[in-house]
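Peer 1:
Numbering (the numbering used here), first residue to last: 4 to 306.
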């Protein structure tokens, strides 16, 4: 047997490899440290201070900001708003995106145009979409109130005064903007579905629902898991649509989410320390959710 050369470790390579590594990776590491990790560390530090943006000085208060966050009356309403919006956004995006992908995966006339039309809102800014949907949901001359009156669907809800309907408005607007993302990913995943399994199910005279549930969905599971992570993280950070359409209202915190609370406390109330506290808590939530989902994905891959 011929001797084989052992694989060189990173530290046993010549200096030219180190130089090449630093040239290629070094700038990215510097940018990552300056614009990602440094702000995270500084934000965590600020959360222990009572810092008003109108004053150059700050006072160390320890965990007082965290205690205030847990004791405030509006905290759990804001957390509830965040959970409701996030769940609705994730479920709605996955279900509607899959339905559209299944419909437009067929050979239909004009399907390329429809595909482009579905994806187009995703590349438009959330602020622009929010401004457009303000007219759609306008209680006096909006498209929604016009359709409800024409079809006799009862009294038109006031989307700008009722917190529940305001949350519905925000969610629908978000889905309209971001549905193209899940649609395109599911459409691409459908191209990789094993056709022989679908044909075997058809030969066995399995119904459409059985084929969908037993054959198609299991093949789309990795895609669904990936989309659930990305949509979850994205929906937890929605700011522009809320800021344009409701500014966190009505009735004070009717549609305020945690990420919008960070903005309000920091730039409206000038309480940068408390805003950093909410941002830190939100970051920890995102980190925990991501780690749990990655752990579940790794467990599924090992099966």
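Quick reminder that beta carbons are idealized off the backbone N, C-alpha and C, glycines included.
1) Check this for me: beta carbons of residue 38 and residue 279, under 8 Å apart or not?
2) May I have the straight-line CA-CA distance separating residue 294 from residue 136, to the nearest angstrom?
3) Does the contact criterion of 3 or more C-beta pairs under 8 Å hold for the segment 179 to 192 versus the segment 107 to 123?
4) How is the beta strand (DSSP E) around residue 174 delimited, first residue to last?
5) For residue 300 and residue 229, I'd like the C-alpha separation in whole angstroms.
6) Have a look at 171, 62, 116, 131 and flag the residue whose alpha-carbon is nearest the alpha-carbon of residue 247.
7) Report all residues from its chain with a CB closer than 8 Å to the CB of residue 4; omit the five preceding and five following residues, and keep chain order.
8) So for residue 4, helix, strand or coil by DSSP?
9) Per DSSP, what are the beta-bridge partners of residue 61 in this structure?
10) Measure the C-alpha to C-alpha separation of residue 286 and residue 272 and round it to an integer number of angstroms.
11) Which residues share a DSSP beta bridge with residue 274?
12) How long is the line joining the alpha carbons of residue 265 and residue 81, rounded to whole angstroms?
13) Whole angstroms are fine: how far does the CA of residue 158 sit from the CA of residue 56?
14) Is it buried or exposed for residue 102, if we count other Cβ within 10 angstroms and need 16 for buried?
15) Could you please give the first and the last residue of the uninterrupted alpha helix (DSSP H) stretch that includes residue 143?
16) Which residues in the same chain have their Cβ closer than 6 Å to the Cβ of residue 170, if we skip the five residues on either side of it in sequence?
17) Using a Cβ-Cβ cutoff of less than 6 Å, which residues in the same chain neighbour residue 146 once the five nearest sequence positions on both sides are dropped?
Peer 2: So, to answer that:
1) In this structure, residue 38 sits away from residue 279, with a CB-CB distance that is not shorter than 8 Å.
2) The alpha-carbon atoms of residue 294 and residue 136 are separated by roughly 35 Å.
3) yes
4) No beta strand (DSSP E) contains residue 174, which is instead part of the alpha helix (DSSP H) from 166 to 193.
5) 9 Å
6) 131
7) The predicted position of residue 4 is uncertain, since its pLDDT is 47 and thus under 50; no value can be drawn from it.
8) Since pLDDT at residue 4 reaches only 47, below the 50 mark, its modelled position is unreliable, and no value is offered.
9) 54
10) 21 Å
11) 55.
12) 11 Å
13) 45 Å
14) Residue 102 is exposed by the Cβ-count criterion.
15) Neither: residue 143 is in no alpha helix (DSSP H) and is coded neither H nor E.
16) 258
17) 139
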